[in-house]
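The sequence shown runs 33 to 253 under the working numbering. First comes the structure, then the notes that go with it.
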Amino acid sequence: MPDGHMDAIEPFDYDALRPFSVAYMPGYIANRYDEDCETCKARAERRMEESTISALRETVVDEYDDATVESKQLDYTWEDSDYALFPVWMLSTSWNGKSYLFAMNGQTGRLVGELPCSKPKLAIASVLFFMIGFILSQILFMGEYAFDPDYLTFDIEGILINIIAPLIIVIIGDVLLVGQLKTANEATCADEYCGELDLTEKHDTFSHTETTVVMKDDKDD
33 MPDGHMDAIE PFDYDALRPF SVAYMPGYIA NRYDEDCETC KARAERRMEE
83 STISALRETV VDEYDDATVE SKQLDYTWED SDYALFPVWM LSTSWNGKSY
133 LFAMNGQTGR LVGELPCSKP KLAIASVLFF MIGFILSQIL FMGEYAFDPD
183 YLTFDIEGIL INIIAPLIIV IIGDVLLVGQ LKTANEATCA DEYCGELDLT
233 EKHDTFSHTE TTVVMKDDKD D
């Protein structure tokens, strides 16, 4: 099973785990894992690291305009590892000669996968994006001469304004549309499993301070 599909249907409710019983298996198909815990540790640590940084960042968003991570050191302590079966429904189908794989979380019903893209509809959307891009480029770059046929040239500057700029809008729009059809993406964090981070002690250490002095002229004109 691709990691992106498994990550995208998270989270699972670990509190609902029960001791394994063969009675769960009749009538169902379950494959043995193909990646052991040692293989998955690096990806798990990467997700924990991103979640930790994200949780720390959330503690300062209300107090500062911006926060930058300049250095970090995270230590991991691994204890016992347990294997568990999770309820996952898999669906593989084909359309126009291409296979599509879907996965559903058996606890929450969350469904992910890659939906087929209609080329005619994408072409229509591309035309609309080009028209929107052309209008925007005319307004932004031509100003009062926008849509004036006398200024509709195809020199280097005209090609940039009338063709290249709208095409950039088309590419961005198409990428966003096609991206929405792909919901099975490998996770980079594990925020769903993290509770709220409560810092019992907060203090700021300033590397330097700046003082601005404004001189006012009180003399009457």
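Every residue, glycine too, gets a C-beta built ideally from N, C-alpha and C.
Is Thr125 helix, strand or coil by DSSP? strand
Would DSSP call Gly145 helix, strand or coil? strand
Could you spell out where the alpha helix (DSSP H) holding Leu154 opens and where it closes? 151-169
Put Met136 into one of helix, strand or coil per three-state DSSP. strand
The alpha helix (DSSP H) spanning Lys73 covers which residue range? 69-90
Does DSSP put Val93 in a helix, a strand or coil? coil
What is the C-beta distance between Tyr132 and Gly141, in whole angstroms, given that I count them as a contact (C-beta under 8 Å)? About 19 Å; that fails the 8 Å criterion.
Counting pairs of Cβ atoms below 8 Å between the region 215-233 and the region 164-176, do you hit three or more? no
Bridge partners for Lys214 per DSSP, in chain order? Glu146
Inspect the beta-carbon positions of Val202 and Ser158 and report whether they are closer than 8 Å. yes
CB-CB under 6 Å to Asp97, same chain, minus the five flanking residues each way: which ones, in chain order? none
Could you check where the alpha helix (DSSP H) with Ile61 kicks off and where it finishes? Unbroken run through Ile61: none, as it is neither H nor E.
Pairwise C-alpha distance: Cys221 and Ser239: 31 Å
Grab me the residues of Pro148's own chain with a C-beta within less than 8 Å of its C-beta, minus the 5 sequence neighbours each way, in chain order. Trp127, Asn128, Lys130, Tyr132, Leu213
Alpha carbon to alpha carbon, what distance is there between Met38 and Trp110? 22 Å
Could you check whether the region 189-199 touches the region 39-58, counting it as contact only if at least three pairs of C-beta atoms, one from each stretch, sit closer than 8 Å? no
Excluding the 5 residues flanking Ile164 on each side, which residues of the same chain have their C-beta closer than 7 Å to its C-beta? Ile201
Quick one: Cα of Asn137 to Cα of Leu143, how far? 7 Å
Exposed unless 16 or more other CB atoms sit within 10 angstroms - verdict on Asn194: buried
Please report the straight-line C-alpha distance between Asp206 and Pro152, rounded to a whole angstrom. 13 Å
Quick check on the burial criterion: 16 or more other C-beta atoms within 10 angstroms. Buried or exposed for Ser83? buried
Going along the chain, which residues of its own chain have a beta-carbon closer than 7 Å to the beta-carbon of Ala87, five neighbours each way excluded? Cys226, Leu229
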